[in-house]
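I have placed the structure first, in the form of structure tokens, so that the comments after it can refer back to it.
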Amino acid sequence: MHRLRWLAITLVGLASSVQADEAANTDQVMVISIKDDGIIASGINARGDVVGFEWLEEKERPGVLYQAPFYYVKGKPLTYLPLLEGYTATFPAAVSDNGLVVGRVSKPAPPRVRVDLRNQAFVWEADRGIRGLGALKDDFASFACDVSSDGRRISGFTLGDNRVRACVWDRVGDGWQGTALPHENRLGSNVVAISDDGKSVTAVDGVLPCLWTQTPSGEWTREVIGDAGSLVPRAINNAATVVGVRFTGDGLTHAIVWTREDGMKRLEMPEGYVRSEASAINNDGVVVGMVDGPNGSKIGPNAFKYQNGRLHLIREGGPFFTAATCINDRGQFAGVVEKEEEEEIDPKAKPEAIPDKRPAP
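Right under this line is the structure:
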């Protein structure tokens, strides 16, 4: 029987031992495992703290797995994130350098019945617990996707009647104030990414990839950075370099990097690979993501990093390190390992039921 196991790992650049005036060898990485089974990472901060999910078996229903959201600090047990009152699921998306976790909470609704705030953006802090951010005026749902490094600005989107808008929430005293970003159409992507300094936001407006920039006066400007369908942004750094994916008519995806100087650039893949995705970029311009081979082939998927014009497969995670999902400025990666185990089968034994994974609301 084949069984898939998932774990998140952080890959730490060995440059930490290099003197400040020496060139760091950032091609070398080492692996630190959070746990040896059942972990999927969704974000990392400058300290190397990780947020994500752990697959756990329900006590009441053996064989049924669910996603338990967690916050991980090296050397400490996993902290499981709580439910917001009235909700049934918590989905962490990112974590700031001071430990502010952002994401969304969700609850079920009857078919064809609109439930206000069925999905709601949330913040969680160890000393204050979990709080909902509500939705912008006259809207009925919200999602938090990313957070600035200082934890004072959150990016996401808000839904209303016949509109979906990218937005930011700014910390004001003990609360949060939401602001819709200027749009010409409905939001066309499910990730609204923000730079570490909180000054740049990227997403798709309609079918056009866009960059929103805060002016010195505090206003937000909208700029189209590509043609229709040329880029679905996934991340942005302080230099406003945007990375993401391009979907093509043959059903494939390709990793894309956009800079103001060079425009759109499709990352070249190693021989044999046909699909790629860029998931994150740090402030040194290092891009991480995944590459994969043709369907049914033995090629990929594999995690990669792209640096100084070259794409490298990340081998240190082992042959089952399938994707790098985020990176910080210390050269630490977080990602996913899809590990296939071979188990001997007793021909006289009854087939074992495959555990169900409860779908997210």
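Mapping of the sequence shown onto mature numbering (1 follows the signal peptide of the UniProt record, and there is no 0): residues -20 to -1, 1 to 341, in sequence order. Just so it is clear, CB atoms sit at the ideal spot from N, CA and C, and this is done for glycine as well.
For residue i, which residues from the same chain have a beta carbon less than 8 Å from its beta carbon, with the 5 sequence-adjacent residues on both sides left out?
i, result
"glutamate 2", "Only weak support is given to the placement of glutamate 2: the predicted model assigns it a pLDDT of 33, under 50, and the value that follows is read from those uncertain coordinates. No residues qualify anywhere along the chain."
"leucine 161", "Arg145, Ala146, Cys147, Val148, Val181, Trp192, Trp200 and Arg202"
"aspartate 177", "Ser128, Ser129 and Asn218"
"residue 384", "Since the first and last residues shown for the chain are -20 and 341, residue 384 lies out of range."
"serine 259", "Arg214, Ala215, Val223, Val268, Gly269, Met270, Ala303, Ala304, Thr305 and Cys306"
Taking the beta strand (DSSP E) that residue i falls in, what are its first and last residues?
i, result
"glycine 158", "155 to 160"
"alanine 73", "69 to 75"
"isoleucine 216", "212 to 216"
"histidine 163", "Run containing histidine 163: none; DSSP gives neither H nor E here."
"tyrosine 51", "44 to 52"
"alanine 304", "301 to 307"
"lysine 39", "Careful: lysine 39 lies outside any beta strand (DSSP E) and carries neither H nor E."
"tyrosine 286", "282 to 287"
"aspartate 272", "267 to 272"
"leucine 191", "188 to 194"
"arginine 132", "Note, arginine 132: premise wrong, no beta strand (DSSP E); not H, not E."
Drop a sphere of 10 angstroms on the beta-carbon of residue i, count the other beta-carbons inside from all chains shown, and report buried for 16 or more, exposed for fewer.
i, result
"glutamate 199", "exposed"
"threonine 305", "buried"
"asparagine 142", "exposed"
"phenylalanine 313", "buried"
"aspartate 107", "exposed"
"lysine 56", "exposed"
"proline 213", "buried"
"glycine 280", "buried"
"threonine 228", "exposed"
"asparagine 275", "exposed"
Rounded to the nearest angstrom, how far is the Cβ of residue i from that of residue j, given a contact under 8 Å?
i, j, result
"isoleucine 205", "tryptophan 238", "6 Å"
"glutamate 37", "phenylalanine 50", "No, glutamate 37 and phenylalanine 50 are not in contact; Cβ-Cβ is about 16 Å, not under 8 Å."
"leucine 80", "glutamate 40", "With 8 Å as the limit, leucine 80 and glutamate 40 do not qualify as a contact, their Cβ atoms being about 33 Å apart."
"glycine 158", "leucine 116", "5 Å"
"arginine 240", "alanine 220", "7 Å"
"arginine 92", "phenylalanine 102", "Their Cβ separation, rounded to whole angstroms, is 26 Å, which puts arginine 92 and phenylalanine 102 out of contact at 8 Å."
Which residues in the same chain as residue i place their Cβ atom closer than 6 Å to its Cβ, once the five residues preceding and following it in sequence are excluded?
i, result
"glycine 32", "Ala(-13), Ile20, Ala21 and Ser22"
"arginine 132", "Arg151"
"phenylalanine 71", "Gly83 and Arg84"
"isoleucine 216", "Ala173, Ser175, Ser180, Thr182 and Val222"
"tryptophan 156", "Leu113 and Trp149"
"asparagine 263", "Asn217, Asn218 and Asp309"
"aspartate 272", "Arg255, Gly280 and Pro281"
"threonine 68", "Lys87"
"valine 171", "Cys125 and Arg214"
Can you name, in chain order, every residue of its own chain whose Cβ lies under 7 Å from the Cβ of residue i, other than the five neighbours on each side?
i, result
"methionine 244", "Gly206, Ser210, Leu211, Ile236 and Trp238"
"glutamate 257", "Val225, Thr233, Ala235, Gly269 and Met270"
"threonine 140", "The question names threonine, but residue 140 is glycine in the sequence shown. Correct list, in chain order: Asp118, Asp119 and Phe120."
Can you tell me whether residue i sits near the ligand ADP, meaning its C-beta is under 6 Å from at least one heavy atom of the ligand?
i, result
"glycine 131", "Ligands are entirely absent from the displayed structure, and the ligand ADP is therefore not among its contents."
Report task. Assess, as a yes-or-no matter, whether the segment 55 to 73 is touched by the segment 149 to 168 under the definition of 3 or more beta carbon pairs within less than 8 Å. Result -> no
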